[in-house]
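Everything below concerns the one structure shown next.
2 protein chains.
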Amino acid sequence: MFSQTVEYALRAVVFLAERAPDAGTTDEISLATQVPKPYLSKVLQNLGRNGIVRSQRGIGGGVTLVKSPQDLTILEVVNAVEPLQRIAVCPLGLKSHGKNLCPLHKRMDDALAAMEASFRSTTLAELLAEPTSSHPLCDGPKLPSRKNGDAPAVH
Amino acid sequence: MFSQTVEYALRAVVFLAERAPDAGTTDEISLATQVPKPYLSKVLQNLGRNGIVRSQRGIGGGVTLVKSPQDLTILEVVNAVEPLQRIAVCPLGLKSHGKNLCPLHKRMDDALAAMEASFRSTTLAELLAEPTSSHPLCDGPKLPSRKNGDAPAVH
Chain A
45 MFSQTVEYAL
55 RAVVFLAERA
65 PDAGTTDEIS
75 LATQVPKPYL
85 SKVLQNLGRN
95 GIVRSQRGIG
105 GGVTLVKSPQ
115 DLTILEVVNA
125 VEPLQRIAVC
135 PLGLKSHGKN
145 LCPLHKRMDD
155 ALAAMEASFR
165 STTLAELLAE
175 PTSSHPLCDG
185 PKLPSRKNGD
195 APAVH
Chain B
45 MFSQTVEYAL
55 RAVVFLAERA
65 PDAGTTDEIS
75 LATQVPKPYL
85 SKVLQNLGRN
95 GIVRSQRGIG
105 GGVTLVKSPQ
115 DLTILEVVNA
125 VEPLQRIAVC
135 PLGLKSHGKN
145 LCPLHKRMDD
155 ALAAMEASFR
165 STTLAELLAE
175 PTSSHPLCDG
185 PKLPSRKNGD
195 APAVH
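Chains as they are written, first to last, in the working numbering: chain A, 45 to 199; chain B, 45 to 199.
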């Protein structure tokens with residue numbers, strides 16, 4: 045149901061949210077998210093074009109989130125790479141239906157609306173703050189290095 | 045979010061549910077559902093392989109639903125053509141996660157679970173019985189002919 049592009053974009057943004065406000069390099073993101081670099085570069089370009097990340101070249105450069113993790117929702121990331129398309133009008137183009145969806149398309153759109161609402165109500169900061177034994181992207185040696193050389197918390 | 049194959053399969057099954065227990069020909073289904081015949085044939089083959097419809101050749105033949113509309117759910121139709129894939133284990137293959145999803149994948153799977161539950165709880169008969177001004181597939185001249193020559197109800 046979720047494309048690989050959506051999955052990869054979310055992983056990259058989760059990584060950057062952990063790093064925020066610091067930048068991450070493509071190498072670091074690729075390593076932590078297990079996304080192949082060429083694919084990752086395309087995903088990051090896409091996220092850049094849609095205002096989710098910005099890139100800075102040179103020493104000390106890298107990729108950063110445009111918004112703070114407190115203000116960035118899952119939905120914004122999903123919509124940046126593959127907009128969650130609601131069913132706004134009858135897919136058959138039936139004139140008598142129009143925006144008045146039939147029960148079939150209404151059920152399908154209701155499911156999409158619920159997903160949209162769930163993703164809109166969750167920020168990246170909330171994801172990272174959630175008490176869990178499975179911290180996003182964290183698996184011992186693959187854990188990205190922290191600011192100030194802090195040891196990662198035990199998850 | 046929903047592929048064209050899923051959309052087309054659901055339209056075809058809605059048509060056949062209206063016809064049930066009578067059969068519909070591919071020409072009739074194609075006309076009513078606005079699905080091109082070659083694509084429709086593939087979708088019907090897929091639905092046939094997965095036990096949703098059966099086909100009978102010859103005079104009086106056609107395509108019928110295997111189950112009654114009262115017993116057939118939207119989820120069964122979706123899963124027959126493009127299984128709704130839940131996130132069962134960590135997509136990154138992190139050993140420390142396994143079936144214990146991180147908050148990101150938990151949110152994504154929760155959304156899929158809600159969709160699955162909604163589709164599992166809705167039968168084709170319920171869709172067709174729902175009071176609405178937009179009856180599935182119905183738009184005047186495209187309405188499939190009814191059994192016994194009944195005039196279609198005014199929707």
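We put the beta carbon where it would ideally sit given N, CA and C, even for glycine.
Quiz item: Using the C-alpha atoms, what's the distance from G105(A) back to P180(B)?
Solution: Going by the C-alpha atoms only, they are around 55 Å apart.
Practice problem: Provide the residue(s) that pair with T117(B) in DSSP beta bridges, ordered along the chain. | Solution: Under DSSP, T117(B) forms a beta bridge with T167(B).
Quiz item: So what's Q109(B) in DSSP terms, helix, strand or just coil?
Solution: The residue asked about is misnamed: residue 109(B) is Leu in this sequence, not Gln. Strand at L109(B).
Quiz item: Going along the chain, which residues of the region 72-94 of chain B sit with their C-beta nearer than 8 Å to a C-beta in chain A?
Solution: Under the 8 Å Cβ criterion, the region 72-94 of chain B contributes T77, Q78.
Self-check item: chain A contact for F59(B) (CB, 8 Å cutoff)
Solution: So no, F59(B) is outside the interface.
Quiz item: If you measure from the beta carbon of E136(A) to each beta carbon in chain B, is any gap under 8 Å?
Solution: What sits at residue 136(A) in the sequence shown is Leu, not Glu. At a cut-off of 8 Å, the C-beta of L136(A) has a neighbouring C-beta in chain B.
Quiz item: Mapping DSSP to helix, strand and coil, what is V97(B)?
Solution: DSSP places V97(B) in strand when its eight states are reduced to three.
Quiz item: Under 8 Å between C-beta atoms, does D154(B) make it to chain A?
Solution: True, the Cβ-Cβ gap to chain A drops below 8 Å.
Practice problem: Answer with buried or exposed for S47(A), where buried requires no fewer than 16 other C-beta atoms within 10 angstroms of its C-beta. | Solution: Label assigned to S47(A): exposed.
Quiz item: Under the rule that 16 or more other beta-carbon atoms within 10 Å means buried, what is A195(B), buried or exposed?
Solution: Residue placement at A195(B) cannot be trusted, given a pLDDT of 41 that sits under 50; the coordinates are not used to answer.
Exercise. For P113(A), count neighbouring Cβ atoms within 10 angstroms of its own Cβ and tell me buried if that reaches 16, exposed if not.
Key: A buried status is given to P113(A), since no fewer than 16 other beta-carbon atoms sit within 10 Å of its beta-carbon.
Quiz item: Cβ of L109(A) less than 8 Å from any chain B Cβ?
Solution: By this cut-off, L109(A) is not an interface position.
Self-check item: Cα-Cα separation, T49(B) to A56(B)
Solution: Cα to Cα, the separation comes out at about 11 Å.
Quiz item: With DSSP run on the structure shown, which of helix, strand or coil describes G68(A)?
Solution: DSSP places G68(A) within a strand segment (E or B) once states are collapsed to three.
Practice problem: Tell me, please, whether the region 120-133 of chain A touches the region 85-95 of chain A by the rule of three or more beta-carbon pairs shorter than 8 Å. | Solution: These segments touch.
Quiz item: Interface residues of chain A around L54(B) at Cβ under 7 Å?
Solution: The CB of L54(B) comes closer than 7 Å to the CB of L148 in chain A, given here in chain order.
Quiz prompt | Beta-carbon proximity list for T117(A), same chain, < 8 Å, skipping 5 on both sides | solution = Its chain contains F163, R164, S165, T166, T167, L168 as the residues whose beta carbon lies nearer than 8 Å to that of T117(A), once the 5 sequence neighbours on both sides are disregarded; these appear in chain order.
Practice problem: Indicate the three-state DSSP secondary structure (helix, strand or coil) for A132(A) in the structure shown. | Solution: In the structure shown, A132(A) sits in coil (DSSP, three-state: anything other than H, G, I, E or B).
Quiz item: So, S74(B) versus L60(B), is the Cβ gap smaller than 8 Å?
Solution: It is not a contact, given that the beta carbons lie outside the stated cut-off.
Exercise. Would you kindly work out how many angstroms separate the C-alpha atoms of R98(B) and R151(B), rounded to a whole number?
Key: C-alpha of R98(B) to C-alpha of R151(B): approximately 38 Å in a straight line.
Quiz item: Does T117(B) get closer than 8 Å to chain A when you measure Cβ to Cβ?
Solution: Interface criterion not met: the Cβ of T117(B) is under 8 Å from no Cβ in chain A.
Self-check item: Proximal residues of chain A, C-beta to C-beta of Q114(B) below 9 Å
Solution: Identification of chain A residues near Q114(B) by a Cβ-Cβ cut-off of 9 Å yields none; the smallest Cβ-Cβ distance measures about 15 Å.
Self-check item: Opening and closing residue of the alpha helix (DSSP H) in which V58(B) lies
Solution: Element bounds for V58(B): 48-63.
Exercise. Less than 8 Å between the CB atoms is what I'm expecting for L54(A) and L148(B), so what's the real figure, rounded?
Key: Contact flag correct, Cβ pair sits at about 6 Å.
Quiz item: Is the Cβ of N123(A) closer than 8 Å to any Cβ of chain B?
Solution: Chain B contact via Cβ: absent.
Quiz item: Mind checking E51(B): buried by the 16 CB within 10 Å criterion, or exposed?
Solution: Counting Cβ neighbours within 10 Å, E51(B) comes out buried, since at least 16 surround it.
Practice problem: Under 8 Å between beta-carbons, which chain B residues line up against Q100(A)? List them in chain order, please. | Solution: Those do not exist, as Q100(A) stays about 26 Å from chain B at its closest Cβ, beyond 8 Å.
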